[in-house]
Each structure stands twice: as structure tokens, then as C-alpha cells.
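Asks: Below you will find the structure I want to go over with you.
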Amino acid sequence: MPSRLIRDVEAGSGAALFFQLWDTLITFDDEVEFIWPKPTSSWIKWVFLFARYFSLATHICSRAIELSITYNRPLNENTVRIWFSLQGVVALIVFMGAELVMMARVYALYNQNKRVAFGFIILLLFELLGTILGTALNFPGRPFDTSSVITETPRSFMYFGIPACVSELIILTLSVKKYVQGRWMKSRIISLMIRDGTVAFGVLFFMLVLIMTYHLLKLEFSTTAYAWMITFVSVTECRLILNMQQLPLLEQRYTITPELTSVPPTNRTMSYEMTVMINSTPST
């Protein structure tokens, strides 16, 4: 029989999976309406589908491995060792999807400023290099205790978490700065966009700090925190995208079409924002 700790950890991780399944079911009609009809060239379509179903696949694989270890099913030690070490990479992949959506919004607010785009690329590269370095330096040796997959997280989370926190703070700062300096403070649509972006930042930043705290303090439920991080990042990203797809409905509700179309031709911020986040066809 598994110990009480292992049962509690697996229950917490399983709850993260079922919460994401529940969110998938209650928003599935919106996914069918707004995401499925998009053309294959739509980058936002693939970002959404990847965020939702890659995360679900990650959860299912993690739970299958944990249950196999708990009930002494035969597993290759090298396979489990690789899976354990790559958890930081998986977290990075899931997290980067959400960051790309948030960065696209900020890039639009700054009129497709090339320096902003270059800065975002640098931030993403730092996250990628940090995660690769952390994974390489902390790859578990032999013999490997397979039960550690259930109760521990790899040290590479620290190498991923710190650059990701910096990126999130920069994204939030740029968003708020442009909103305050701009002339859209009375626009309900822009206010909703800023609100969603701020909520997304809060969720992502909190989960990053949480997983790093659990790891630093060597708390026993760090794997549960990791599972919930995957869930919340995926749910937040998908909700952020779906909310943006509903902007045309909000336009009609608030009847602010003249406000959105009155931006001078030299300022393509709003048109690009709508194109990127609703039609999902990047500006050329």
C-alpha cells in the first residue's frame, strides 16, 4: 500500500488534471465556435490547441507514470529518469505559449515596435538557455530512485523560474505604461484587454513563485504544485485567447466602433491588435 503522503500527492495532482478537463468541457463550445473555423495558417489557432491539449497529454503521462511507480508496475529506469529531468522543459514549453500571447498584445500596443519585438526575443532566449542549462547541470545520475518522481521536482525549475518571472514583470510594466500614457483609458475594449492581461500576469507570476518556493523549501507537495502550475497556465492562456475572440461581440454591445476606427492611419495599434488576436493573421 502506498504511504499517506504519496496518496495525498497523487490526489492533488489528479485534481489538477480533472480541473483542466472540467474547464475544457465548459469552454468547448467556444473552442468550436471561435478556434476550429480558423484557417490552418492562423498561428493563434495552433497556440490555443497546443496550450490545451499538450497540457492535458502532459497530465495524463505524469499520472500514468506516478501510478505505475506507486503500484510497482515495470518501468524502465532510464525512461523515468529522463521524464523527471525534462519536467522543467515541459513547464517552459507550456509557459512560453502563454507568454507569446501576452507579448503579441504588448507588441500591438507599441505599434509593432521592432525594439520591443527584439527585447521579447531576448527574454525568450534567456528562458530557453536557462532551462537547458539547468536541465543539463541537474540531470539525475544512477542509481535513480523512481519514487522521487512522485514527491520531488527537478532543480532545473529554478533556472527556468527566475528568467520567466523577469519576463512577466517586463510584460506587465510595458502594458501598464502604454495604457496610462495612451489615449485609450476610456475605451472599454482596451480596458478589458488590460484587465485580462493583468489577471493573466497575476496567475502566471503566482504559480512561478509558488513552484520555486516549494522547490527551495523542499516541501513534500512540490509535484502537486507543478501539476497545478501546468493547469493554471493552460487555462489562463486559453481563456485569454477566447476572450479576445469575443471582442467583436463586445464592440456591438458597447457600440464603440467609431472609437476603434478613428485611430490615424499612421497608428496601426488597434487594427493590428484586432488582426493578431481575432483574425489571427499577422500584419505584413
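For the sequence shown, our numbering assigns the number 961 to the initial residue and increments by one for each residue that follows.
For glycine and all other residues, C-beta sits at the position ideal for the given N, C-alpha and C.
1. Quick check on the burial criterion: 16 or more other C-beta atoms within 10 angstroms. Buried or exposed for Q1141?
2. Touch check for the segment 1013 to 1030 and the segment 1089 to 1103: three-plus C-beta pairs under 8 Å?
3. Return the CA-CA distance between Y1186 and I1131, expressed in angstroms with no decimal places.
4. Quick test of the definition: if touching needs 3 or more C-beta pairs under 8 Å, does the segment 989 to 1000 touch the segment 1152 to 1166?
5. According to DSSP, simplified to helix, strand and coil, what is W1003?
6. Rounded to whole angstroms, what's the CA-CA distance from Y1067 to I1081? Just pull it up for me.
7. Taking one C-beta from the segment 1040 to 1049 and one from the segment 1001 to 1009 each time, how about it: are there three or more such pairs within less than 8 Å?
8. Could you have a look at I1216 and say whether DSSP puts it in helix, strand or coil?
9. Taking DSSP as the reference, what is the three-state secondary structure of I1036?
10. Pull up the CB-CB distance for A1245 and L1168, whole angstroms please, since I reckon it's below 8 Å.
11. Around the C-beta of V1126, are 16 or more other C-beta atoms found within 10 angstroms, so that it is buried, or is it exposed?
12. If you measure between the beta carbons of T1018 and I1190, is that distance less than 9 Å?
13. Which residues in the same chain have their Cβ closer than 8 Å to the Cβ of L1176, if we skip the five residues on either side of it in sequence?
14. Quick check on the burial criterion: 16 or more other C-beta atoms within 10 angstroms. Buried or exposed for T1000?
15. Less than 9 Å between the C-beta atoms of F988 and E1197, yes or no?
16. Kindly give me the distance between the Cβ atoms of S1248 and G1094, rounded to whole angstroms, as I take these residues to be in contact under 8 Å.
17. For K1138, which three-state DSSP category applies?
18. Could you check what DSSP says for Q1206 in three-state terms: helix, strand or coil?
19. Rounding to the nearest angstrom, what Cα-Cα distance links V1150 and K1137 in this structure?
20. How is L1179 classed by DSSP in three states: helix, strand or coil?
21. What's the C-alpha gap between T1106 and Q1047?
Replies: Quick look at the numbers:
1. For the purposes of this step, residue 1141 is taken as residue 181 along the sequence shown, with counting starting at 1. Per the 10 Å Cβ criterion, exposed.
2. Of all C-beta pairs linking the segment 1013 to 1030 to the segment 1089 to 1103, fewer than three are shorter than 8 Å, placing the two stretches out of contact.
3. Counted from its first residue, the sequence shown places residue 1186 at position 226. Counted from its first residue, the sequence shown places residue 1131 at position 171. Answer to the nearest angstrom: the Cα atoms are 23 Å apart.
4. Under the 8 Å Cβ criterion, the segment 989 to 1000 does not count as touching the segment 1152 to 1166, having fewer than three qualifying pairs.
5. Here residue 1003 corresponds to residue number 43 of the sequence shown, with the count starting at 1. The answer is helix: DSSP assigns W1003 an H, G or I state.
6. On the sequence shown, position 107 is the one that residue 1067 refers to. On the sequence shown, position 121 is the one that residue 1081 refers to. Near 12 Å, if we compare the C-alpha coordinates of I1081 and Y1067.
7. These segments do not touch.
8. Looking up residue 1216 in the sequence shown gives position 256. Residue confidence is low: I1216 scores 40 on pLDDT, short of 50, so the model does not pin down where it sits. Its coordinate-derived value is still stated next. Residue state for I1216 is assigned as coil, using DSSP reduced to three classes.
9. Here residue 1036 corresponds to residue number 76 of the sequence shown, with the count starting at 1. Per the sequence shown, the amino acid found at residue 1036 is Asn instead of Ile. In the structure shown, N1036 falls within a coil segment according to DSSP collapsed to helix, strand and coil.
10. In this structure the chain extends from 961 to 1244, so residue 1245 is not present and cannot be described.
11. Mapped onto the sequence shown, residue 1126 falls at position 166. Taking every protein chain shown into account, the CB of V1126 has fewer than 16 other CB atoms within 10 angstroms, so this residue is exposed.
12. In the sequence shown, residue 1018 corresponds to position 58, counting from 1. In the sequence shown, residue 1190 corresponds to position 230, counting from 1. Result yes, Cβ atoms of T1018 and I1190 sit closer than 9 Å.
13. Locating residue 1176 in the sequence shown gives position 216, where the first residue counts as 1. Contacts found: M1118.
14. Sequence index remark: in the sequence shown, residue 1000 carries index 40 (1-based). It is exposed - the Cβ of T1000 has fewer than 16 other Cβ atoms within 10 Å.
15. As a first step, residue 988 is located in the sequence shown; it is residue number 28 there, counting from the start. As a first step, residue 1197 is located in the sequence shown; it is residue number 237 there, counting from the start. F988 is not a Cβ neighbour of E1197, given a cutoff of 9 Å.
16. Residue 1248 is absent from the structure shown; the chain starts at 961 and stops at 1244.
17. The residue you call residue 1138 lines up with position 178 of the sequence shown. The answer is helix: DSSP assigns K1138 an H, G or I state.
18. As a position in the sequence shown, residue 1206 is number 246, starting the count at 1. Q1206 carries a coil assignment under DSSP once its states are collapsed to helix, strand and coil.
19. The sequence position of residue 1150 within the sequence shown is 190, counting from 1. The sequence position of residue 1137 within the sequence shown is 177, counting from 1. For clarity, residue 1150 is Ile in the given sequence; the question names Val instead. The straight-line gap separating the alpha-carbon atoms of I1150 and K1137 is approximately 13 Å.
20. For the purposes of this step, residue 1179 is taken as residue 219 along the sequence shown, with counting starting at 1. When DSSP states are grouped into helix, strand and coil, L1179 belongs to the coil group.
21. Mapped onto the sequence shown, residue 1106 falls at position 146. Mapped onto the sequence shown, residue 1047 falls at position 87. CA-CA distance, T1106 to Q1047, rounds to 14 Å.
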